[in-house]
Amino acid sequence: MSSAVSDSAAGSSGFFRLVHRRKSGQSSPATRAEARDALAARILSDLADDLPDDDLLDDLDDCIDLYRQGSKPRCEEAEYLRALQEARDHIEYGY
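Below is the structure:
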């Protein structure tokens, strides 16, 4: 009976070591925040390359919220707003 208990305890401790290893391999919240910030900076940089300087503010939500409908030709306006929304979604969802 004692061997069954010791085998069971060894098996469960092995399990907990495996779980612990997985947890310790995960990134910290600070690392995830840095990765998210780096992704956002890359997306904004790519967007800034595609748009004129006066079309892009520091905050994408401000760009979308403060945009005046009709201030650009209709085709350009739709493309501009779509690019801003796609960039915001990419940053928000992390892809």
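Under my numbering, the first residue of the sequence shown carries the number 3, and numbering increases by one thereafter.
Every residue, glycine too, gets a C-beta built ideally from N, C-alpha and C.
What residue from the options has the CA that sits closest to residue i's CA?
i     : options                       : result
Arg84 : Ala37, Tyr69 and Ala35        : Tyr69
Cys65 : Glu36, Ala40, Leu86 and Ala32 : Leu86
Excluding five sequence neighbours on each side, which residues of the same chain lie with their C-beta closer than 7 angstroms to the C-beta of residue i?
i     : result
Lys74 : Tyr82
Leu41 : Ile93 and Gly96
Going along the chain, which residues of its own chain have a beta-carbon closer than 8 angstroms to the beta-carbon of residue i, five neighbours each way excluded?
i     : result
Asp63 : Arg90
Gln71 : Glu79
To the nearest angstrom, how far is the alpha carbon of residue i from that of residue j?
i     : j     : result
Asp51 : Leu59 : 13 angstroms
Tyr97 : Leu49 : 15 angstroms
Asp67 : Arg76 : 18 angstroms
Ala37 : Pro54 : 27 angstroms
Arg24 : Asp57 : Confidence at Arg24 is low in this model, with a pLDDT of 46, below 50, so the placement of that residue should be treated as unreliable; the coordinate-derived value is given next. Near 45 angstroms, if we compare the C-alpha coordinates of Asp57 and Arg24.
Glu88 : Ala32 : 25 angstroms
Asp61 : Ser30 : 26 angstroms
Is residue i near the ligand NAD - that is, is its Cβ less than 8 angstroms away from at least one heavy atom of it?
i     : result
Cys65 : Questions concerning the ligand NAD fall outside what the structure shown contains, since it holds no ligand whatsoever.
Within the same chain, show all residues whose beta-carbon is closer than 6 angstroms to that of residue i, passing over the 5 residues directly before and after it, in chain order.
i     : result
Arg34 : none
Checklist entry - With contact counted as at least three CB pairs below 8 angstroms, one residue from each stretch, are the region 35-49 and the region 78-92 in contact? => result yes
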